[in-house]
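Structure first, commentary second.
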Amino acid sequence: MVDDDGKEVGVNVKFLVFQGQRVDGEFKTPPLEPDPQMTGATTGRKRERLGKTFFTYVGSPQSSDYQEIERLARENNIEVRHTPESNVSTIISFVLLGLMIGAVFFVWSQVRRQQNQLFNGGGFLSGFSRSPAKRYEADQQQITFSDVAGLEGVKADLQEIVEYLKEPDKFRRLGGRVPKGVLLNGPPGTGKTLLARAVAGEANVPFYSVNGSEFIQMFVGVGASRVRDLFGTAKENSPAIIFIDEIDAVGRQRGAGLGGGHDEREQTLNQILGEMDGFSRNDSVIVIAATNRPDV
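For the sequence shown, counting from 1, position 29 maps to 28 in numbering that gives the first Met the number 0; every step adds exactly one.
As C-alpha cells, this is what we get:
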C-alpha cells in the first residue's frame, strides 16, 4: 500500500471486526476515491477521500474466504476482533413475518364476517339462500278431510299417509314404507292446496307451503340452496309435510335447457329429488306437489 506521494505505508487497515458473515473495518487513512481517468471519465475536479470505515460480507466462519481474510489480517498485524452475531435482525424478521400472517388472517376473517352478514346476518343477500316457505302449525286453522267436499278416492289414498305420520313405528315394524311424495294434478280451483292442508291437519304435523316459482332467482344456485334450507327446517321439526304448489315452475323435463346444459331449474329439481330419495332415508318428511300441467 502506498500513500499519495508514492511511499510504502503497508496495509491501510487499522482493525477488523468479524460478526457472523459480516466484517466491519476501519482505515488508518481514508483512501482517495478512484481516479476518474482510470474509468474513462474526463473531469477536472479534485479527487476526494472516502469514508474511514467500511464493511463487507464473507462466507461462514468455516468457509475458506473467511479463514483467508483472518489469516492475512494477522500476518499484517491488523487487530482482529470477534463479536457474537446479533439476534436482533432474526427477531425482527420473525416479528415482521408474524405481523404479515396476522394481517392476512385479519383480512380473511373480515371478509368471512362480511359474507356471513350478507348471506346469514340480515344483509341484503341474507334472504336469497333461505327458504321462502310459510309454516302452518297444526293448531292454526286446522283443516281435515271433512272440510273437503267430494274427492273421496283421493282422500282415501291420502289417508294412508296420514296413518303413517300418526303411527310410523307400526308401519316400520311391518316393513311398510310411505311414498316419498304425492303429485296432485288438476285444473286451478279444484282443491289441491286444500287437500294438502287437510293431510297436515289430520296428521297433526307442521305444514310448509311454498310456490315453485319462489325457488328461482337471478343468482345461480339459489334454488338448490333454498331447497336444502326448506328440507333442513322440515327435518328439524319432523314429522312434517312440505307442499310445493305449481311444481311445474321447476319440475320440467330435464335436459331441455339451452345447449342441453343444466340451468337453474334443473339444479333446483335435482336438489328436490335428492332430498326426497337420496342416500339418507327421510321417511319423516312427506312432499306433496300440485300442478295443472303434468305434460311439462
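Built from N, CA and C at the ideal position, the CB exists for glycine as well.
Candidates the options: which alpha carbon is nearest residue i's?
i: Thr189; options: Ile77, Phe170 and Asp244; result: Asp244
i: Ala223; options: Gln266, Leu150 and Val209; result: Gln266
i: Thr143; options: Arg264, Asn269 and Ala199; result: Ala199
i: Val286; options: Val57, Pro238 and Ile68; result: Pro238
i: Ala233; options: Lys165, Val204 and Val147; result: Val204
i: Asp156; options: Leu182, Phe242 and Glu69; result: Leu182
i: Arg227; options: Pro186, Ile271, Met99 and Ser63; result: Ile271
i: Ile246; options: Gly101, Asn291, His81 and Val79; result: Asn291
i: Asp64; options: Gly211, Ala197, Phe17 and Val221; result: Phe17
i: Glu201; options: Asp146, Ser108, Gln61 and Arg264; result: Asp146
i: Gly185; options: Phe170, Leu150, Asn269 and Phe93; result: Leu150
i: Glu274; options: Phe230, Val10, Ala197 and Arg171; result: Phe230
How long is the line joining the alpha carbons of residue i and residue j, rounded to whole angstroms?
i: Asp168; j: Phe105; result: 52 angstroms
i: Leu173; j: Tyr163; result: 12 angstroms
i: Ala288; j: Gly97; result: 57 angstroms
i: Tyr329; j: Ile240; result: Residue coverage of the chain in this structure runs from 0 to 295, which leaves residue 329 outside it and unanswerable.
i: Gly180; j: Glu166; result: 18 angstroms
i: Asn76; j: Val57; result: 20 angstroms
i: Thr192; j: Gln113; result: 40 angstroms
i: Ser14; j: Val79; result: At residue 14 the sequence reads Phe, which differs from the Ser that was named. So the alpha carbons of these two residues sit roughly 6 angstroms apart.
i: Ile215; j: Arg225; result: 9 angstroms
i: Pro187; j: Glu235; result: 32 angstroms
i: Arg21; j: Arg73; result: 18 angstroms
i: Val94; j: Val12; result: 37 angstroms
i: Val221; j: Glu159; result: 34 angstroms
i: Ser108; j: Glu213; result: 32 angstroms
i: Ser92; j: Val10; result: 37 angstroms
i: Gly19; j: Ser62; result: 12 angstroms
i: Arg171; j: Pro178; result: 13 angstroms
So what's residue i in DSSP terms, helix, strand or just coil?
i: Asn269; result: helix
i: Thr28; result: coil
i: Leu15; result: strand
i: Asp317; result: A question about residue 317 goes unanswered here, because the residues of the chain that appear run from 0 up to 295.
i: Ala102; result: helix
i: Ile68; result: helix
i: Val94; result: helix
i: Glu146; result: At residue 146 the sequence reads Asp, which differs from the Glu that was named. Residue state, collapsed to three classes: helix.
i: Val79; result: strand
i: Asn291; result: coil
i: Val10; result: coil
i: Val284; result: strand
i: Val153; result: helix
i: Val22; result: strand
Checking contacts by CB at 9 angstroms: is residue i closer than that to chain B?
i: Arg292; result: In the structure shown, chain B does not exist; there is a single protein chain.
Inter-stretch contact at 8 angstroms, needing at least 3 Cβ pairs: the stretch 50 to 64 / the stretch 19 to 31: yes
Start-end ranges of the alpha helix (DSSP H) lying completely within the stretch 157 to 245, minimum 4 residues: 167 to 172, 191 to 202 and 221 to 235
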